[in-house]
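**Q** My questions will all concern the structure given below.
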Amino acid sequence: MKSRELVYRVFEHKETPRVPVHIESDDKDEEFRFGDIVGIGAKIMSWRKFYVHGGPFRKSEDESLLKWIERIDIDAYEWPEIDSVVDEALNYYKEKAEKYKDLRFMMFKVLGPTETAESFFAPPARSKNQIFHTFSFAVLIKFKPKIAYALYDRISEYILELVKAGSEIDFVDAIRIADDVADYRGSLYPKTFVKEKYLYWHKQFTLAICKRGKIPILHSDGNLVKAGIFEDLITIYRGLHPLDFRPKSTVHDALLWIDEIVKARKICREHAVFFTGIPIDLIFSDNISKEDISKIVTTLLRKHGKKGIVLATTHSPYPGRSYKEPLARSKINVARMIANTL
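Residue 256 in the working numbering sits at position 259 of the sequence shown, with consecutive numbering throughout.
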């Protein structure tokens, strides 16, 4: 069975000859070779520059909290034309996706408004792929909610147009929005904001995605159950990634994590497909063997069951790390073998 058909059958909650696999990598040739899904980011390039150069509303090191908050003016930023940033993101996506589009289940990945809002406040950093989080947007919500909400709405309007445009691409199967809202302890943001803005806008995104016949998927780290929004999200999204409910730096911890995933499935029933099962931190730990990974993946699939799941890495490799490393590659291959044979 071809990869695209296999993944669609999972979303239809049907039996499949094997469990689909998604091994995320910044190297898309590698992602293609290892799995059934290729996910490519549609990036708003001018905003991604904040990762390296810092955001326009960042706080200076010697600036007081009060002075910083009082000077934030969202209209002082020169907002780009929506059509131009959407066109640029689509062209980038289509160019990267061309060689895989007929061979894999294709995912159009978008950075959500919450993480994007945080990037507007980020200090300069060394990575072009990761935000240096200070959670200054969360601080702004606390002290100046009206300004924070206005900024969030402005950013969300851009993302909605990008989501709509991505959903119009014929070969795109799913839109995945990455928008962290929690850590292991629960929500990172006030309940009012989560209800009035986070969930509201994510409903708008999924309505647009579903209207065009595509599958909406959410990537959000942290414990969404403790955050009190898991049951909301499973009614909004058809797929959730990575179900990062608790720390899992050891085999013991990973097995406890699996129990949390199984509990979440009981809440979820057949509402959403889970993309999870391969902790990236264990893939790149020298203290974890391929036999350990075999135990973790086998336990997950036996306890959870093979329906309603895509065996997926929790994240792409860390900066500077790669599946070309022999131990990491051997662990990935063990996980793939289990998905194919269990």
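For every residue, glycine included, the Cβ atom is placed at its ideal position computed from N, Cα and C.
What does the alpha-carbon distance come out to for the pair V7 and M103?
**A** Here residue 7 corresponds to residue number 10 of the sequence shown, with the count starting at 1. Here residue 103 corresponds to residue number 106 of the sequence shown, with the count starting at 1. Cα to Cα, the separation comes out at about 15 Å.
**Q** Could you check how far apart the C-beta atoms of T311 and D229 are, in whole angstroms? I think they sit under 8 Å.
**A** Taking the sequence shown and counting its residues from 1, one reaches residue 311 at position 314. Taking the sequence shown and counting its residues from 1, one reaches residue 229 at position 232. No, T311 and D229 are not in contact; Cβ-Cβ is about 22 Å, not under 8 Å.
**Q** Just how far apart, CA to CA, sit K141 and R55?
**A** Locating residue 141 in the sequence shown gives position 144, counting from the first residue. Locating residue 55 in the sequence shown gives position 58, counting from the first residue. About 15 Å.
**Q** Look at the Cβ atom of E267, then the Cβ atom of G305, and state whether they are nearer than 8 Å.
**A** Position 270 of the sequence shown, counting from 1, holds the residue named residue 267. Position 308 of the sequence shown, counting from 1, holds the residue named residue 305. Yes, the pair counts as a contact, with Cβ atoms nearer than the cut-off.
**Q** Applying the 10 Å Cβ sphere with the 16-neighbour rule, what's the burial state of W198?
**A** As a first step, residue 198 must be located in the sequence shown, where it is residue number 201. It counts as buried.
**Q** Distance, Cα to Cα, P323 vs F29?
**A** Here the question's residue 323 lines up with position 326 in the sequence shown. Here the question's residue 29 lines up with position 32 in the sequence shown. One C-alpha to the other measures close to 18 Å.
**Q** How should Y186 be labelled, buried or exposed, when 16 other C-beta atoms within 10 angstroms of its C-beta is the threshold for buried?
**A** Translated into positions along the sequence shown, residue 186 becomes position 189. Buried is the call here.
**Q** Could you give the first and the last residue of the continuous beta strand (DSSP E) run that contains H216?
**A** Counted from its first residue, the sequence shown places residue 216 at position 219. Residues I212 to H216.
**Q** Considering only residues of the same chain and omitting the five flanking positions on each side of F190, which have a CB-CB separation below 7 Å?
**A** One-based indexing of the sequence shown puts residue 190 at position 193. Taken in chain order, the residues that qualify are I138.
**Q** When the Cα of R1 is compared with those of T232, I258, G36 and K287, which residue comes out closest?
**A** Residue mapping note: residue 1 aligns to position 4 of the sequence shown, counting from 1. For R1, the nearest C-alpha among the options comes from G36.
**Q** Which first and last residues belong to the alpha helix (DSSP H) in which L253 is found?
**A** In the sequence shown, counting from the first residue as 1, residue 253 sits at position 256. Element bounds for L253: V248 to C265.
**Q** I need the boundaries of the beta strand (DSSP E) containing I306, first residue and last residue.
**A** To locate residue 306, count along the sequence shown from 1; it is residue 309. Residues I306 to T310.
**Q** Would A336 and V4 be called neighbours here (beta carbons separated by less than 8 Å)?
**A** For this step, residue 336 is matched to residue 339 along the sequence shown. For this step, residue 4 is matched to residue 7 along the sequence shown. The answer is no: Cβ separation not under 8 Å.
**Q** What's the gap between the Cα of A39 and the Cα of R262?
**A** Here residue 39 corresponds to residue number 42 of the sequence shown, with the count starting at 1. Here residue 262 corresponds to residue number 265 of the sequence shown, with the count starting at 1. One C-alpha to the other measures close to 30 Å.
**Q** Within 10 angstroms of its Cβ, does K211 collect 16 or more other Cβ (buried), or is it exposed?
**A** Within the sequence shown, the letter at position 214 stands for residue 211. Under this definition K211 is a buried residue.
**Q** For the candidate residues P239, S282 and D167, whose alpha-carbon lies nearest to that of R318?
**A** Residue numbering aside, residue 318 sits at position 321 when the sequence shown is read from its first letter. Ranking P239, S282 and D167 by Cα distance to R318 puts S282 first.
**Q** How would you write the range of the alpha helix (DSSP H) that A332 sits in, first residue to last?
**A** Taking the sequence shown and counting its residues from 1, one reaches residue 332 at position 335. Start and end: P323 to T338.
**Q** Over the uninterrupted alpha helix (DSSP H) stretch that includes I358, give me the two end residues.
**A** Beyond the ends of the chain as shown, which are -2 and 339, falls residue 358; an answer cannot be given.
**Q** So is A73 buried or exposed if we call it buried at 16+ other beta carbons inside 10 Å?
**A** Position 76 of the sequence shown, counted from the first residue, corresponds to residue 73. Exposed, by the Cβ-count rule.
**Q** Given a cut-off of 8 Å on the beta-carbon distance, is the pair A135 and V178 in contact?
**A** Taking the first residue of the sequence shown as position 1, residue 135 is located at position 138. Taking the first residue of the sequence shown as position 1, residue 178 is located at position 181. The answer is no: Cβ separation not under 8 Å.
**Q** Using the C-alpha atoms, what's the distance from K303 back to E12?
**A** Residue numbering aside, residue 12 sits at position 15 when the sequence shown is read from its first letter. Residue numbering aside, residue 303 sits at position 306 when the sequence shown is read from its first letter. Roughly 8 Å separates the two Cα atoms.
**Q** For the candidate residues D289, P316, L297 and H301, whose alpha-carbon lies nearest to that of K328?
**A** On the sequence shown, residue 328 is found 331 positions in, with the first residue counted as 1. Comparing Cα-Cα distances from K328 to each of D289, P316, L297 and H301, the minimum goes to D289.
**Q** Compute the beta-carbon to beta-carbon distance between Y97 and K(-1), rounded to the nearest angstrom, for a pair I have assumed lies under 8 Å.
**A** In the sequence shown, residue 97 corresponds to position 100, counting from 1. In the sequence shown, residue -1 corresponds to position 2, counting from 1. Contact doesn't hold; Cβ gap of about 13 Å is too wide.
**Q** Within 10 angstroms of its Cβ, does W254 collect 16 or more other Cβ (buried), or is it exposed?
**A** Counted from its first residue, the sequence shown places residue 254 at position 257. Under this definition W254 is a buried residue.
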